[in-house]
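The listed protein sequences derive, respectively, from chains A and B.
Count along the first sequence from 1, then add 76; that gives the number in our numbering.
So in our numbering, spot 235 of the second sequence is number 221, and the numbers just go up one at a time.
Virtual Cβ for every residue (Gly too), placed ideally from N, Cα, C.
Bear in mind the structure is a predicted one, so any value in this text is a computation, not a measurement.
Have a look at the structure below, then the notes.
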Amino acid sequence: MTEASYPLPNRFERPSVVSFALYIFIAWFVVVSFSGAGISLSNFIEGIPNMGTLLSEMFPPKMDRLGAIGKALLETFQMAIGGTILGVILSVPLGVFASRTQSPHVLVYRFTRLLISFFRSVPDLVWALFFVATVGLGPFAGTLALMIDTIGFCARFFAEAIEEINSGPQEALTAIGANRTSRLFCSVFPAAMPSFTNTAMYSLEKATRSSVVLGLVGAGGIGIELKVSMDMFRYAEASTIILFIFLLVVAVETLSTKIRQKLM
Amino acid sequence: MNLALNMNQAAPSISTAELEIEIREIRKSYGETPILKGLNLEIPKGQAVALIGSNGSGKSTLLRCTTRLIEPDSGEVILHGQNITKLTGARLREARSKIGFVFQHHNLVPRLSVLSNVLHGALGRKPSARLWFQSLATNLDREEAMYCLERVGLAQFAARRVTQLSGGQSQRVAIARALMQRPTIIMADEPVASLDPQAGEEVMNLFFQLSRSENLTLLFCTHHLEHAVDYADRVVGLSKGTIQLDQESSSISVAELRGIYD
Ligand SMILES: Nc1ncnc2c1ncn2[C@@H]1O[C@H](COP(=O)(O)OP(=O)(O)O)[C@@H](O)[C@H]1O
Ligand SMILES: [Mg+2]
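Written out as structure tokens, the structure reads:
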């Protein structure tokens, strides 16, 4: 064992000048970010009594406006359902165009991919502002914003699900002489259906959570109720609203999980 | 060696009967590697032909080139008197609709019912959305699909999902789907390679009976030399990109066929 024929490798690789400079830059940027984000321990400590007061004023939750809150909550959920359904329906053709295997042309493929990325990278609140400015205040603007958000999420995963399916049945249908539409409906969609449903249920959960905040910019739903209560210092009412939002989100998540488990 | 002597002796029926498949000078390369090097093959109507050859010799490529699932680089394919080499779109789909193609893995749609899968066989000859799912199909089409299932002995499973069938049963459903095409030709690419011996024997028997009773032209490739001798009228051996052996199955033994693998 005295003479190993190969030298031991070094424990650490020596970084190149460029990567060394890069590490330094990243470290510096992280430090700067902390002050840029206004992170301050003293502010936080000074804020603790305020948080305590606010929390104590929130209890017990006030139940006298249950009717109005219930109505706003229902509207929120309806926006989520509407936006998700419209988004999922539109995601099916977009998913086909954005899949390498089924897209009719490479330019269609590129363009659809780009469109979907754009939908996904612009935040839902920005879409809500856009639709409030174009179709006016109210739940329709929120529904459209949720639809776009759903497409950004679903169309991408639909395209991936389509790319992953087994090509055998499609080849069999091609050999039979079936046309493109028949191949999509007879082999592609049935095979991708569990994945589609799974993604759609995730979208509904996501849309339910998003729909809560859209009200802040006037795009309908319970968000506006929450904002008004906070602005008017009616914290006991705000806590009721938060509680209801929590219940809605939990209910949708539970339902969605049940449905997805059934598919497995 | 006597293989070489027999090479040019065509089966006697070839010259007399009507030709169903004519493959002329087919060439196909993947990149720089030639797989088919100007291959010729003529098959008369109603003949059952076994195609043998070692792994990678190009059997699957040849079958797929014949229906243009793979595009040949050059050469011509004439099916039932029609040159399909240049067909596109609806004309190509119509030509394909008359060829039942059975794959090694049944290639059925797993999440649909057996009956829906069989109905898909009619999609080539009449592109109707009602054939997509059995629940939408016309009574006439459903009855025809049931009849196809009866012919492969699986009518009792019409409502089942494909995933609930055994490998042999799935392959028989794939044959029923091919029958739904009302084909004149059936091609099968190692149809029993993933089945146990008994199921394999049953499926080969089914092919044989069908080709006889309906006067279908049958072209199947296989590694079971016994199947080639027992179920085909003629055995064709593929090697080095061309046909190196072409004999009536009655005049050749399994031992002689092994020569093609050298
Ligand atoms: N899509 C492809 N791209 C590149 N090479 C391929 C492709 N398909 C088949 N081949 C090659 O062509 C040869 C013949 O394949 P194949 O026709 O499947 O042979 P066989 O069915 O006789 O086993 C093999 O060497 C295989 O690796
Ligand atoms: Mg093969």
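Asked: The alpha helix (DSSP H) enclosing residue 29(B), as first and last residue numbers; Found: Premise fails: residue 29(B) lies in the beta strand (DSSP E), 19 to 30, not in any alpha helix (DSSP H).
Asked: Where residue 18(B) falls, given that 16 or more other Cβ within 10 Å makes a residue buried; Found: exposed
Asked: Beta-bridge pairing of residue 203(B) - partner residues as DSSP gives them; Found: 171(B)
Asked: Contact set between residue 119(A) and chain B, taken where Cβ atoms lie within less than 9 Å; Found: What residue 119(A) touches in chain B: nothing, since even the nearest Cβ is about 57 Å away.
Asked: Closer than 7 Å to chain B by CB, residue 224(A); Found: no
Asked: 4-residue-minimum alpha helix (DSSP H) runs that sit fully inside the segment 91 to 155 of chain B, ordered along the chain; Found: 100 to 105 and 125 to 137
Asked: Residues of its chain near residue 211(B), where Cβ-Cβ distance is below 6 Å and the 5 sequence neighbours each way are ignored; Found: 240 and 243
Asked: Residue 223(A) burial status per 10 Å Cβ neighbour count (16 or more: buried); Found: buried
Asked: Beta-carbon proximity check, residue 184(A) vs residue 178(A), cutoff 7 Å; Found: no
Asked: Anticipated Cβ contact below 8 Å, residue 105(B) with residue 166(B), distance rounded; Found: 7 Å
Asked: Closer than 7 Å to chain A by CB, residue 73(B); Found: no
Asked: For residue 5(B) and residue 51(B), the rounded distance between their alpha carbons; Found: 18 Å
Asked: Residue 227(B) and residue 20(B) closer than 7 Å at C-beta; Found: yes
Asked: Residues of the segment 261 to 272 of chain A whose Cβ lies closer than 7 Å to any Cβ of chain B, in chain order; Found: 261, 262, 263, 266, 267 and 269
Asked: Residue-chain proximity (residue 237(A), chain B), Cβ-Cβ < 7 Å; Found: no
Asked: Cross-chain neighbours of residue 89(B) in chain A, by beta carbon under 7 Å; Found: 244 and 248
Asked: For residue 135(A): DSSP bridge partner residues; Found: BP columns for residue 135(A) are empty, so no partner.
Asked: Close Cβ partners of residue 305(A) (< 7 Å) along its chain, the five nearest in sequence each way excluded; Found: 313, 314 and 317
Asked: Residue 224(A) - DSSP class collapsed to helix/strand/coil; Found: helix
Asked: Alpha-carbon to alpha-carbon, residue 89(B) and residue 13(B); Found: 22 Å
Asked: Close beta carbons around residue 100(A), own chain, < 7 Å, minus the five adjacent residues each side; Found: none
Asked: Interface flag, residue 252(A) vs chain B, CB-CB below 7 Å; Found: yes
Asked: Local Cβ density within 10 Å of residue 203(A), reported as buried at 16 or more and exposed below that; Found: buried
Asked: Opposing strand residues paired with residue 15(B) [DSSP bridges]; Found: 20(B)
Asked: Neighbour list for residue 255(A) in chain B, Cβ cutoff strictly below 7 Å; Found: 79 and 113
Asked: Check whether residue 93(B) and residue 254(A) have beta carbons under 7 Å apart; Found: no
Asked: Where residue 97(A) sits in the DSSP three-state scheme; Found: helix
Asked: Residue 134(B) versus 65(B), 153(B), 237(B) and 200(B), residue with shortest Cα-Cα distance; Found: 200(B)
Asked: Helix, strand or coil at residue 33(B) according to DSSP, with G and I counted as helix; Found: coil
Asked: Contact test: residue 43(B) Cβ vs ligand 4 heavy atom, cutoff 6 Å; Found: Judged by which ligands are present, ligand 4 is missing from the structure shown, whose ligands are ligand 1 and ligand 2.
Asked: Contact list for residue 42(B) against chain A, beta-carbon separation under 7 Å; Found: Within chain A, no residue comes near residue 42(B); the closest Cβ sits about 19 Å away, beyond 7 Å.
Asked: 7 Å Cβ cutoff, residue 170(B) in contact with chain A; Found: no
Asked: 7 Å Cβ cutoff, residue 175(A) in contact with chain B; Found: no
Asked: Rounded C-alpha distance that separates residue -4(B) from residue 233(B); Found: In this predicted model, residue -4(B) has a pLDDT of only 44, less than 50, meaning its place in the structure is not dependable; the value taken from the coordinates is given anyway. Going by the C-alpha atoms only, they are around 7 Å apart.
Asked: Euclidean distance between Cα positions of residue 187(B) and residue 169(A); Found: 44 Å
Asked: Beta-ladder partner(s) of residue 220(B), from DSSP; Found: 35(B) and 234(B)
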